[in-house]
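For reference, the structure discussed in these notes is given below.
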Amino acid sequence: MQKFANPTLFLNLANAVLPYLIAITAVLFTLGLYGALVTSPADYQQGETVRIMYVHVPASWIGMFAYGFMAFFSAVALIFRHPLADAAAKTAAPIGAVFCFLALATGSIWGKPMWGTWWVWDARLTSMFILMLLYLGYIAVWQAIEEPFLAAAIARIVALVGSIILPIIKFSVDWWNTLHQPASVFKMGGPAIETRMLAALLTMALAYTALFLTLHLISMRTEIAKRKLRQSRLFEIRGN
Amino acid sequence: MWQGLVLEAKSLACERGGRLIFNNLNFVVGGGELVELRGPNGAGKSSLLRLIAKLNEPAAGSLRLSGSAQDLATQAHYIGHHEAIKPALTVKENLDFWANFQAGAANLAPFNLHQLAHDEARLLSEGQRRRLSLSRLVSVMRPIWLLDEPTVGLDQSAVTNLRNVIKAHLVMGGLVIAATHADLGWPNARVIKLAGGG
Amino acid sequence: MDWAAHNAGFVEAAYAISAFCIIALAFWIWRQDRLTARLLKNLKN
Amino acid sequence: MGALKAILWRDLALARQQGGGLGAAFSFILAVVVLVPLAIGPDLVLLQRLAAGMLWLSLLLAVLLTAEQIFQRDLEDGSLELMTMTTVPFELIALVKAIAHWLTVSLPLAVIAPPLGLLLNLDINQLPIFWLSIIVGSLALSLLASLGGAITAGLRRGGLLVSILVLPLYIPVLIFGVSATTMLMGAQSAVPSLLVLLAITLLCLVMVPLACAAALRAYMR
């Protein structure tokens with residue numbers, strides 16, 4: 000892990016990998032969208048609206064994946080004192096938050112035709128909403144603390160505490176949901192998923208994951224550049 | 000009271016806010032010695048005291064205390080600019096807390112604060128607050144004293160009190176490291192200059 | 000109730016908001032990258 | 000052990016001296032209990048269904064109000080730093096301060112709140128279970144508030160950040176705390192909810208001081 004310590008090695012690798020990653024993302028998206036909009040059938044009950052699943056499920060998957068990604072690199076930063084790990088966690092947060100928001104937006108758009116209201120306190124949507132709060136809290140820590148070293152130390156703790164509480168929140172919200180059973184129980188993904196539907200869904204999920212990795216790689220490059228700028232600016236001010 | 004105390008620093012370096020304050024600093028301080036840290040502002044006098052008190056991690060090098068079983072931090076008193084005084088509590092309650100917390104006994108006499116014992120700390124002047132903070136030295140017996148500009152704000156009688164207290168401590172085999180420009184009245188005090196500005 | 004007529008436009012809305020957010024995010028990240036890269040370049044010389 | 004007792008005594012004395020936020024927190028709960036019926040209307044049946052939830056919510060927010068003060072003053076006046084210079088592990092010191100906050104703010108509120116429930120037409124035979132659940136829950140609320148307080152201790156305007164950080168942590172406590180009473184309404188046993196609430200409180204008792212100590216050390220570095 001130490002060999003990534005100096006950013007230059009990481010940057011060379013990132014610059015080498017990036018074009019391929021962008022190409023893969025583009026290919027996956029065209030395949031996924033083609034599958035989602037054209038080849039996969041309409042649902043016998045919901046009709047066309049089931050196609051929202053192809054943007055909702057991958058978005059919520061990335062929303063959760065990004066938070067796990069953040070918690071993992073925060074743990075790495077805590078245990079191995081690795082400077083790049085903090086940057087990896089910090090840059091993953093805004094991307095994860097956007098996808099989390101997307102999951103909420105598409106979820107509520109999908110809910111309207113099914114449940115007739117824009118928002119239902121369904122277990123999954125509620126957990127996703129709370130995950131959004133955890134993201135905002137984490138990002139707010141980076142904004143609130145100027146000194147980068149201190150901000151990293153506090154953000155690490157917030158990410159790890161969040162990742163410990165998340166399963167507990169999921170458990171309590173699911174239990175709470177069964178307690179107050181909503182009127183009509185309608186499985187988000189529809190009763191049975193057809194193979195063509197599943198194929199489209201998986202391709203879209205892969206496309207979203209590739210997109211996340213691409214955006215994260217670019218953000219990492221920016222973060223490293225910012226760090227160099229900050230150090231050189233400190234250097235100028237003190238002149239030593 | 001304390002025998003064979005030796006505090007040794009080897010190629011000590013300190014960094015704060017990404018900037019190198021000082022590096023490869025070496026010194027050895029034995030029991031009964033008073034060391035005065037001299038140097039311009041920002042030279043790292045306070046940072047060195049905080050390193051010894053284990054409040055900060057050194058960027059490099061090592062600090063070792065031999066001649067005492069316990070860990071360095073539990074053998075040291077650090078009197079800095081923050082006086083750790085609760086305005087709402089009385090003078091005695093403030094000192095009692097630190098005495099109970101670090102297994103000692105409150106002793107207001109050496110810095111003659113006994114008349115103010117039952118006044119609320121809120122009413123104390125700057126000098127009196129300083130004397131209350133210094134009273135921790137004589138309430139909890141610890142061999143290593145780390146004083147950050149102890150004489151600031153003290154009147155003449157308080158400075159003499161401080162000199163007597165330091166003298167008694169050094170005679171008992173303790174050691175004192177003070178960042179100060181004032182004369183602490185100990186004839187063979189050693190001086191360590193921190194260049195500052197690296 | 001005819002599903003198709005009833006919920007026209009929801010699918011389009013979902014895809015539209017997804018596309019908009021992803022493109023906005025990608026654009027913001029790309030602009031940040033170009034900005035810092037340029038600052039770093041003219042810092043070097 | 001003497002050291003921990005000393006901290007507890009000092010914090011209790013300080014709280015007695017300055018009211019330690021209990022006054023503000025209690026007036027907050029009083030406000031909620033008075034305003035809810037005025038806002039929702041005097042329909043006793045509706046109020047009864049809301050009573051447990053409203054009281055829990057007001058206690059949770061009242062404790063959140065005082066979260067910032069738990070560590071901030073000690074960090075600023077340097078006593079927290081000096082407390083690291085002892086053999087006592089710093090995690091225990093963070094725990095004792097959270098418990099001092101519990102004893103001075105959350106516990107008194109948890110004891111006073113249930114009788115106020117009668118204003119919201121809380122059913123008499125629900126009162127004992129409600130009282131038990133809110134007392135157990137108040138410890139978890141204080142611990143989680145101390146975690147928010149530690150994470151924002153070194154910041155000047157940490158108020159907004161505390162609520163955003165601590166609210167998600169409160170959710171499991173709120174869900175199982177309220178359900179202990181509402182289960183009774185549905186003639187089901189409240190024991191499972193109480194047990195889960197107790198489990199969450201114990202988990203906080205162990206995990207929260209670790210996180211608090213880590214955050215405070217970062218600020219003192």
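Chains as they are written, first to last, in numbering that gives the first Met the number 0: chain A, 0 to 239; chain B, 0 to 197; chain C, 0 to 44; chain D, 0 to 220.
Glycine included, every Cβ here is placed at the ideal spot set by N, Cα and C.
Please read all numbers here as calculations on a predicted model, not as lab measurements.
With a threshold of 7 Å on Cβ separation, who are the neighbours of residue i within its own chain once the five nearest residues in sequence on each side are excluded?
i: residue 27/B; result: 5 and 7
i: residue 162/D; result: 63
i: residue 183/D; result: 125, 128 and 189
i: residue 190/A; result: Because residue 190/A sits at a pLDDT of 49, beneath the cut-off of 50, its placement in the model cannot be relied upon, and the following sentence gives the value as read from the coordinates. Cβ neighbours of residue 190/A beyond the five flanking positions: none.
i: residue 158/D; result: 67
i: residue 93/B; result: 84, 85, 120 and 131
i: residue 85/D; result: 2
i: residue 74/A; result: 159
i: residue 166/B; result: 185
i: residue 75/B; result: 51, 52, 141, 143 and 145
i: residue 61/D; result: 24, 27, 28 and 108
Residue i touches chain C at which residues, Cβ-Cβ below 8 Å?
i: residue 56/A; result: Neighbours of residue 56/A on chain C: none; closest Cβ ~12 Å, over 8 Å.
Below 8 Å on C-beta distance, what does residue i contact in chain B?
i: residue 146/A; result: 16
When you compare each of the options to residue i by their alpha carbons, which one comes out closest?
i: residue 179/B; options: 23/B, 64/B and 47/B; result: 47/B
i: residue 68/B; options: 78/B, 134/B and 141/B; result: 141/B
i: residue 137/D; options: 57/D, 15/D and 8/D; result: 57/D
i: residue 43/A; options: 200/A, 193/A, 219/A and 198/A; result: 193/A
i: residue 213/D; options: 130/D, 93/D, 16/D and 106/D; result: 93/D
i: residue 82/B; options: 147/B, 73/B, 63/B and 66/B; result: 147/B
i: residue 29/C; options: 220/A, 229/A and 226/A; result: 220/A
i: residue 77/B; options: 1/B, 188/B, 149/B and 189/B; result: 149/B
Please list the partners that residue i has in chain B, where partner means a Cβ-to-Cβ separation under 9 Å.
i: residue 233/A; result: 16, 17 and 18
i: residue 80/D; result: 49, 52, 54, 77, 79, 81 and 83
Using a Cβ-based criterion (distance less than 7 Å to any ligand heavy atom), does residue i qualify as near the ligand NAP?
i: residue 152/A; result: With respect to small molecules bound, the structure shown includes none, and the ligand NAP cannot be examined in it.
Which residues in chain D have a C-beta closer than 9 Å to the C-beta of residue i? List them in chain order.
i: residue 165/B; result: The contacting residues do not exist; residue 165/B stays about 20 Å from chain D at best.
i: residue 86/A; result: Correct list: empty, because the minimum Cβ distance to chain D is about 17 Å.
i: residue 75/B; result: 84
i: residue 88/B; result: 9, 12, 13 and 16
Residues of chain F with a CB under 7 Å from the CB of residue i: which are they?
i: residue 219/D; result: Absent here is chain F; the protein component of the structure consists of chains A, B, C and D.
Between residue i and the rest of its own chain, which residues show a CB-CB distance below 8 Å, the 5 nearest in sequence each way excluded?
i: residue 126/B; result: 152, 153, 154 and 157
i: residue 91/B; result: 105, 107, 116 and 117
i: residue 143/D; result: 165, 168, 169, 172, 203 and 207
i: residue 91/D; result: 3 and 208
i: residue 193/B; result: 21, 24, 36, 37, 38, 42, 43, 44 and 47
i: residue 130/A; result: 62, 63, 66, 99 and 165
i: residue 103/A; result: 124, 127, 128 and 131
i: residue 222/A; result: 86, 89 and 90
i: residue 18/A; result: none
i: residue 137/A; result: 69, 92, 154, 157, 158 and 161
i: residue 5/A; result: none
Which chain B residues sit within Cβ distance under 7 Å of residue i?
i: residue 1/D; result: 99 and 102
Starting from the beta carbon of residue i, find every residue of chain A whose beta carbon is closer than 8 Å, and list them in chain order.
i: residue 174/D; result: 171, 172, 174 and 175
i: residue 171/D; result: 164, 167, 168, 170 and 171
Can you list, in chain order, the residues of its chain with a C-beta nearer than 6 Å to that of residue i? Leave out the 5 residues immediately preceding and following it.
i: residue 160/D; result: 151
i: residue 196/A; result: 39
i: residue 71/D; result: 152
i: residue 72/A; result: 84, 87 and 88
i: residue 66/B; result: 3, 4 and 5
i: residue 135/D; result: 196, 197 and 200
In chain D, which residues lie less than 8 Å from residue i when you measure between Cβ atoms?
i: residue 68/B; result: Those within 8 Å of residue 68/B in chain D number zero; the least Cβ separation is about 11 Å.
i: residue 136/A; result: 160, 163, 164 and 167
i: residue 82/B; result: 76 and 77
Taking residue i as the query, report the chain C residues whose CB atoms sit under 7 Å from its CB, ordered along the chain.
i: residue 9/A; result: In chain order: nothing, as chain C lies at least about 15 Å away.
Can you list the residues of chain D that residue i reaches, using a CB-CB cut of under 7 Å?
i: residue 85/B; result: 13
i: residue 153/A; result: 150, 214 and 217
Are the stretch 206 to 224 of chain A and the stretch 35 to 46 of chain B touching, with three or more C-beta to C-beta distances below 8 Å? no
Extract the residue ranges of the alpha helix (DSSP H) inside the stretch 49 to 121 of chain B, only unbroken runs of 4 or more that lie entirely within it. 90 to 100
Taking contact to mean 3 or more Cβ pairs, one atom from each stretch, closer than 8 Å, check whether the stretch 75 to 82 of chain A and the stretch 97 to 113 of chain A are in contact. no
Below 8 Å, can you find three or more Cβ-Cβ pairs linking the stretch 104 to 113 of chain B to the stretch 72 to 89 of chain B? no
Residue ranges of each alpha helix (DSSP H) run of no fewer than 4 residues wholly in the stretch 78 to 160 of chain A, ordered along the chain? 82 to 114 and 122 to 143
Decide if the stretch 102 to 116 of chain A is in contact with the stretch 49 to 57 of chain A; the criterion is three or more beta carbon pairs, one per stretch, under 8 Å apart. yes
Could you tell me whether the stretch 191 to 211 of chain A touches the stretch 14 to 33 of chain A, using the rule of 3 or more Cβ pairs below 8 Å? yes
How do the stretch 100 to 112 of chain D and the stretch 17 to 37 of chain D stand: do at least 3 beta-carbon pairs fall below 8 Å, yes or no? yes
Ordered list of beta strand (DSSP E) runs contained in the stretch 121 to 182 of chain B, each at least 3 residues: 143 to 147 and 174 to 178
Secondary structure, alpha helix (DSSP H): runs of 4+ residues fully inside the stretch 58 to 125 of chain D: 68 to 75, 78 to 82, 89 to 100 and 106 to 116
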